[in-house]
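Residue numbers (the numbering used here): 44 to 698.
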């Protein structure tokens, strides 16, 4: 079983002390129930009317209290067995601040310009509590970013040149962040609560009902018979898991403890096994239909439907995974790695007979999103109902959902949501600071001037900034930071908003596998017993399309399926797929047999020319023609040479 590592019961998530158990279960359940009720629109149906900010204030108070109940002062300490006096005090203050803000927010907002004392106190409490909650859940990296923006907001008016900001008073800034909808209770926290919670619950229900085992067995049955089958199983399983939650590190820990040893046992080097796992899980954030939480936030930023975002993400995601599959296959051929032993591979028909109904909740999700045009949170609630019904009625391979299992999944959802909620709250602070000080606009002008006369130069600068700023930060925080710092400058020079935001999503996401601080690669390396930095470099090679394709779709709408010409789109996609194969073969050094250095270079160059969309520039068709000639020559030489030498074990097509 690929994903049986995580405990399905809630016992692994809560402390042993009776008081802590009760507090954790109650707070976790309230957070999850509140988020699901919003997604199901129950508040309106029962006649409750309140401001969105009141709802968010209550959820934030509950989440902060849960952080102080379950997360120790020092992150390296084990989970607390008893609640300390200071954590008890912080939890009570958090609850008090959340409840007070929920009830009094309309009054505070109506007196915004007079800055009432109670509003200032609550704002300061939220600011300090969120910073500490963020430190306990995500570490220092994002805390340092928030504090750096805070300090710059106070001294930015002293800076000369384009990056000069407005003169801001500290109390005025904190009050603005805590009350204005551009700050704490803005779009990011709303998405973090209302969209993320239903999707986390969906994943927990799927796991508790045995659905994860079904998809694991399906991956094993589909890919186990191919050479390098262990790597392909890892790619497929990690992609499914990564797409649902979008939480890279936790997904690696959930799937990698099984898939990485499986790959090592089959013959992959430790660095290769870790890099494949890290790349596959990281790429799950790009793969429709779910794409983690970031895609829903992007849709809200751009004021478009999620369906448009998912459609635009489809081709780049497929090219990403095509390259990953090809490289895993060619690495297996190069190292003569055999398929998974037949006795360990379940029959596809038997797997489908026992668990085909687990496909239905995903069909419900897609139908609600794309055909009924439901909001993401509402569609997720429908999907949760679907997986609950399937799990209660059928289950899979001895795993069946019970009412207790639903309750445990609910509590576990609330507990695991607090990390995202803390990140979302911190991102709200950053967005509020940029809005209040004018730093976002100033940075946009600075980047536009710096890259004046060359959009490509601006993209290179922006891409490097995306990778650097994203290092060590969670995905949601990475995207929000880049969306307010980098994307506006790209839009200002004429790049479409959708392409600009997809560009920063791709390059920001690649910070997880790019040394020197490749968090995803380092976690996977730890599981594999591999060298962390070397694993990062190998993961970069496996993920190479995510560094190249964003530059292509910025200049051409074809790869985002935005072109009006379907014939041109189909042709560009076909040449891109061929180009991915040959670039991957050149990177690995193996096609039908080991490639010599000149053939590797020709394969990479020819494949790269085929990647260029026809609409990118006037002579793109000529570039495609040259690339096609080069790869056909490489392939012809390989076929002739292979016929002249006997095939060795492991060679052959990726059957």
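Idealized CB from N, CA, C, for every residue including glycine.
Beta-carbon separation of residue i and residue j under 7 Å?
| i | j | result |
| --- | --- | --- |
| residue 352 | residue 341 | yes |
| residue 659 | residue 598 | yes |
| residue 327 | residue 363 | no |
| residue 578 | residue 317 | yes |
| residue 188 | residue 472 | no |
| residue 670 | residue 652 | yes |
| residue 703 | residue 350 | No answer is possible for residue 703: the residues shown for the chain start at 44 and end at 698. |
| residue 90 | residue 141 | no |
| residue 654 | residue 622 | yes |
| residue 418 | residue 581 | no |
| residue 633 | residue 312 | no |
| residue 426 | residue 404 | yes |
| residue 627 | residue 355 | no |
Drop a sphere of 10 angstroms on the beta-carbon of residue i, count the other beta-carbons inside from all chains shown, and report buried for 16 or more, exposed for fewer.
| i | result |
| --- | --- |
| residue 117 | exposed |
| residue 394 | buried |
| residue 662 | exposed |
| residue 260 | buried |
| residue 379 | exposed |
| residue 583 | buried |
| residue 601 | buried |
| residue 592 | buried |
| residue 84 | exposed |
| residue 396 | exposed |
| residue 250 | buried |
| residue 153 | exposed |
| residue 665 | exposed |
| residue 588 | buried |
| residue 392 | exposed |
| residue 617 | exposed |
When you compare only the Cα positions, how much space is there between residue i and residue j?
| i | j | result |
| --- | --- | --- |
| residue 128 | residue 172 | 16 Å |
| residue 585 | residue 270 | 17 Å |
| residue 575 | residue 161 | 49 Å |
| residue 375 | residue 551 | 30 Å |
| residue 53 | residue 521 | Legend: pLDDT at residue 53 = 49, less than 50; position of this residue unreliable, value from coordinates given subsequently. So the alpha carbons of these two residues sit roughly 30 Å apart. |
| residue 109 | residue 67 | 6 Å |
| residue 399 | residue 567 | 31 Å |
| residue 215 | residue 86 | 33 Å |
| residue 437 | residue 448 | 14 Å |
| residue 147 | residue 233 | 19 Å |
| residue 304 | residue 370 | 19 Å |
| residue 331 | residue 264 | 23 Å |
| residue 401 | residue 512 | 39 Å |
| residue 262 | residue 636 | 27 Å |
| residue 524 | residue 439 | 41 Å |
| residue 455 | residue 243 | 9 Å |
| residue 309 | residue 368 | 16 Å |
| residue 47 | residue 277 | Residue placement at residue 47 is flagged as unreliable, the pLDDT there being 35, under the threshold of 50; the coordinate-derived value follows with that caveat. Using only the alpha carbons, I get a separation of about 14 Å. |
| residue 45 | residue 442 | Low local confidence applies: a pLDDT of 35 at residue 45 is under 50, so the model's placement there is unreliable, with the coordinate-based value given in what follows. Going from the Cα of residue 45 to the Cα of residue 442 covers about 15 Å. |
| residue 170 | residue 185 | 14 Å |
| residue 619 | residue 656 | 8 Å |
Please identify the residue among the options whose C-alpha is closest to the C-alpha of residue i.
| i | options | result |
| --- | --- | --- |
| residue 381 | 266, 303, 479 | 266 |
| residue 497 | 423, 477, 536 | 536 |
| residue 534 | 510, 557, 511, 502 | 502 |
| residue 149 | 163, 97, 193, 299 | 97 |
| residue 247 | 548, 424, 303, 206 | 424 |
| residue 65 | 174, 113, 547 | 113 |
| residue 532 | 523, 524, 543 | 543 |
| residue 274 | 254, 302, 255 | 302 |
| residue 468 | 422, 203, 222, 213 | 222 |
| residue 241 | 206, 77, 137 | 77 |
| residue 460 | 70, 62, 61, 60 | 70 |
| residue 387 | 415, 408, 348, 272 | 272 |
| residue 595 | 549, 430, 479 | 549 |
If residue i sits next to residue j, beta carbons under 8 Å apart, how far is it from one beta carbon to the other, in whole angstroms?
| i | j | result |
| --- | --- | --- |
| residue 166 | residue 218 | 5 Å |
| residue 474 | residue 527 | 5 Å |
| residue 23 | residue 457 | The chain is shown from 44 up to 698; residue 23 falls before or after that span and cannot be answered. |
| residue 519 | residue 176 | Their Cβ separation, rounded to whole angstroms, is 15 Å, which puts residue 519 and residue 176 out of contact at 8 Å. |
| residue 252 | residue 444 | 4 Å |
| residue 195 | residue 482 | 7 Å |
| residue 625 | residue 646 | 5 Å |
| residue 82 | residue 420 | 4 Å |
| residue 22 | residue 510 | Outside the displayed range of the chain (44 to 698) lies residue 22, so it cannot be described from this structure. |
| residue 470 | residue 208 | Going by Cβ atoms, the distance from residue 470 to residue 208 rounds to 19 Å, so no, they are not a contact pair. |
| residue 230 | residue 343 | 6 Å |
Could you tell me whether any non-hydrogen atom of the ligand COA is closer than 6 Å to the CB of residue i?
| i | result |
| --- | --- |
| residue 677 | With respect to small molecules bound, the structure shown includes none, and the ligand COA cannot be examined in it. |
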